[in-house]
Amino acid sequence: MSNTAFVNHQGTKGIQGITSNDKGSVGSLNKNAQRTEGVHCPAVEVISPIEVFEAVLHSPNIERPTYLTHDDWFLIDGVKFKPGLYYHGIDKTDSDNPVNIWICSPIHADALTSNEHGADWGLLLRFINPNAMWREWAMPSSMLKGYGEDMRGELLSLGVRISPDGNKPLHRWLASQEPKSRIIAAMRTGWHESQQGIAFVLPNKVIGAEDVRFQSEYALHDDFIQKGTLQDWKNEVAALCQDNHILLLSVSSALAGPLLKIAKLQELGGAGIHLMGDSSRGKTTALQVAASVWGSPSFMRTWRATANGLEATAASRNDTFLPLDECGESDPKEIGLIIYSLANGVGKQRAKRTGGTRESARWRTIVLSSGECAMGTHMSESGKRIKAGQQARLLDIPATNFEFGAFNSLHGSDSGRAFADRLKRATSKNYGRLGVEFIEKLIADKQDLPALYADTCKLPQFSTHDGVESRAVGTFALIGMAGELATEYGLTGWKEGDAINAAIIAFQSWREYRGTGKTEDRQILQAVRDFILQHGDSRFSKLGDSILDGLHIKNRAGWWRELGNDGRVYMFNSPALREAVPGFEPTKILDVLQKAGWITEHDKDKRSKKTTVNGSKTNFYYIRPNEDDGV
């Protein structure tokens, strides 16, 4: 290694070594080397023997050549060197004189990392930032490929100072490190197991076993930030949730994610709730309150953003919580697949550049969504229909039909808006504490959580009639259980039973909205009714009117006929009936209409009736919605 370019004025060689009287300079991008330059800092300082004695600086015994990290100032032959990673070598071109090359600020490789399956290897790095605070980063070894540009960029972002000419030496040092310690590299948040036991991993914190670390290419990417105190959150946020079913449900939903694995014993996927109702009635506020369990207001995402980065977003919230606002902003054509993906917990397989396939992203999470309409209604805008499986995975809850929109009690505020603003101010000052405290209590809890979950599902208020309801109960019971555990741990200040009662009320509201009939049958009936409400006067006209009276009808769907006090019967032509109920086979549509008694007239052995209109005979479906069907 040639070092002739780096001779300083003291005769000691080092990368850009200068005395302490010289000013450092910030490096820039070296285009020739194609690498990121670091911070140009003084490496050595000449001091007198008296100053050495007073400072009691360490004089290390160095066996050259070697790399060494010095955490404090040190002496070599009476010359004071600042802390950092050094290459201590010998200049073969200059009478074998020693060289001391400052590479970067102090950094250590404390352990080798790998996931539970012996893959995703990396290094646990420990370094000091400009605030004199030690930090850690589990760096994937894959970041050493090529010039290591991304690795250095991340270290610079974390506060490591790198010499402008230290890039290659730093790369060599990192590539040569083989620390004896081994720890588990957690590639996603949430529950992990190691030799020391169970751990819950967040980007900047590990709760439980100490031999696990979060490993990512982006060490600064952390949604799980904290502000304020738990006590202030309890006083200013949790206290206002009392007597407000939607707020109790929302906070409990935020706490339910960690229970998916340890109580529900679910390996992948999740479930969720969709709060629907009029705009500006408190739904978004409920999501912000729920987001404060784990992080700042920015912890909440939107459906539009999630559609573009679904897998990364869901994986980053593994075993925690994903609040999604404004489903109306999402593409109606895509939202059905998004619901399935979120609930199934497995991302798409993607090919590697070198061949083969990458491991798919995986997650477990609870989703809390909001929007002005039901998911099925939103999907229908693109001509798609929501399937029973999708409805069971994201449960529609009417959320704004309480006395003050989404709120039952304003706790002394003058209006619903004032109450919402009060909650928003509180959650902007206090957040991120409850989730961490809840995990710590869960790890210490010796209860049989799977048995407790099973008992919660068996509550008489959670009785079911079909498989869809059973799946819904599994979600509501888990949410209610999470809120009750947090209350039992002393984390909410709520009364015992508040959280589970909110979950029961939500289940009953969901079931009432869904109805007791089969979901697909109700969808068909609702679609026909909606079509008549939307087009009854614009695409139908009265049977018997002259041809001239019907000239204003564009894209005719049929005719209608008065039935006295019983209203109208609508005569659908075949294309219009298929248009009214997209996604279903015509036979299925007619079966449901006939079973519901909505087909009032038909020819023998048929469900249509041949009718003469304007001199020609055409088959029509005579349909009159039944007001007693509750759709």
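Residue 12 is where the sequence shown starts when you use this note's numbering, and the numbers rise one by one after that.
Just so it is clear, CB atoms sit at the ideal spot from N, CA and C, and this is done for glycine as well.
Does the beta-carbon of residue i have 16 or more other beta-carbons within 10 angstroms, so that it is buried, or is it exposed?
i: Q186; result: Here residue 186 is Ala; the residue named in the question, Gln, does not match the sequence. The residue in question, A186, is exposed, as its Cβ has fewer than 16 Cβ neighbours within 10 Å.
i: S192; result: exposed
i: W145; result: exposed
i: Y524; result: exposed
i: T77; result: exposed
i: V592; result: buried
i: D330; result: buried
i: T324; result: buried
i: I61; result: Because I61 sits at a pLDDT of 46, beneath the cut-off of 50, its placement in the model cannot be relied upon, and the following sentence gives the value as read from the coordinates. Exposed, by the Cβ-count rule.
i: T623; result: exposed
i: Q545; result: exposed
i: H128; result: exposed
i: F354; result: Residue identity differs from the one stated: residue 354 is Ala in this sequence, not Phe. Buried.
i: H69; result: exposed
i: H476; result: exposed
i: K275; result: buried
i: S303; result: buried
i: Y632; result: buried
i: D466; result: exposed
i: E638; result: exposed
i: D459; result: exposed
i: P461; result: exposed
i: R183; result: exposed
From residue i to residue j, what distance separates their C-alpha atoms?
i: F85; j: A455; result: 45 Å
i: T598; j: G508; result: 48 Å
i: G157; j: L166; result: 16 Å
i: M154; j: K440; result: 37 Å
i: I87; j: A130; result: 42 Å
i: M344; j: M390; result: As written in the sequence, residue 344 is Lys, which differs from the Met given in the question. Taking the straight line from one Cα to the other gives about 7 Å.
i: G608; j: D541; result: 17 Å
i: G555; j: A568; result: 16 Å
i: K628; j: K620; result: 10 Å
i: P636; j: G485; result: 34 Å
i: Y500; j: F449; result: 8 Å
i: E221; j: T124; result: 13 Å
i: Y581; j: E612; result: 11 Å
i: T80; j: V90; result: 17 Å
i: S481; j: F595; result: 25 Å
i: Y351; j: R404; result: 8 Å
i: V719; j: L96; result: Since the first residue shown for the chain is 12 and the last is 642, residue 719 is missing from the structure and cannot be characterised.
i: I564; j: N625; result: 14 Å
i: A249; j: N419; result: 15 Å
i: H119; j: P190; result: 10 Å
i: E74; j: S106; result: 17 Å
i: P141; j: Q401; result: 50 Å
i: P586; j: Q534; result: 19 Å
i: A488; j: G423; result: 31 Å
i: E204; j: Q226; result: 15 Å
i: D234; j: S264; result: 18 Å
i: D407; j: I194; result: 43 Å
i: C252; j: M311; result: 18 Å
i: T47; j: A122; result: Only weak support is given to the placement of T47: the predicted model assigns it a pLDDT of 34, under 50, and the question is left unresolved by the model.
I'd like to confirm something about residue i: is its beta-carbon nearer than 7 Å to some heavy atom of the ligand NAP, or not?
i: S261; result: Ligands are entirely absent from the displayed structure, and the ligand NAP is therefore not among its contents.
Which one or two residues does DSSP pair with residue i in a beta bridge?
i: R183; result: According to DSSP, R183 bridges with nothing at all.
i: I209; result: E204
i: K216; result: L213
i: E147; result: R137
i: R193; result: L123
i: Q537; result: Partner(s): none; Q537 has no beta bridge.
- Item | the region 256 to 272 contacting the region 475 to 494, beta-carbon criterion three pairs below 8 Å | yes
- Query: Which runs of the alpha helix (DSSP H) spanning at least 4 residues fall entirely within the region 299 to 335, listed in chain order?
  - Reply: 314 to 319 and 321 to 327
- Message: Taking contact to mean 3 or more Cβ pairs, one atom from each stretch, closer than 8 Å, check whether the region 605 to 618 and the region 544 to 553 are in contact.
- Response: no
- Can you find at least 3 beta carbon pairs, one from the region 234 to 247 and one from the region 470 to 479, that sit closer than 8 Å? no
- Message: Taking 8 Å as the cut-off, does the region 290 to 304 touch the region 423 to 431 (at least 3 CB pairs, one atom from each stretch)?
- Response: yes
- Counting pairs of Cβ atoms below 8 Å between the region 305 to 322 and the region 276 to 289, do you hit three or more? no
- Touching or not, the region 169 to 184 and the region 112 to 124, by the rule of three or more beta carbon pairs under 8 Å? yes
- Item | Whole alpha helix (DSSP H) elements within the region 82 to 137, 4-residue minimum | none
- Item | At least 3 beta-carbon pairs within less than 8 Å: the region 135 to 145 vs the region 198 to 210 | no
- Specify whether the region 405 to 422 and the region 203 to 222 touch according to this definition: at least 3 beta carbon pairs, one from each stretch, less than 8 Å apart. no
- Query: Within the chosen definition, does the region 327 to 341 reach the region 370 to 379 through at least 3 CB pairs nearer than 8 Å?
  - Reply: yes
- Query: In chain order, which continuous runs of the beta strand (DSSP E) of length 3 or greater are located wholly inside the region 540 to 594?
  - Reply: 551 to 553, 569 to 573 and 579 to 583
- beta strand (DSSP E) runs wholly inside the region 365 to 444, at least 3 long, in chain order: 375 to 382 and 405 to 409
- Task: Just list the beta strand (DSSP E) runs in the region 598 to 632, keeping only unbroken ones of 3 residues or longer that don't cross its boundaries, in chain order.
- Result: 610 to 612 and 620 to 624
- Message: Restricting to runs no shorter than 4 residues, where is the alpha helix (DSSP H) found entirely within the region 233 to 309?
- Response: 241 to 244, 256 to 267, 270 to 273 and 294 to 302
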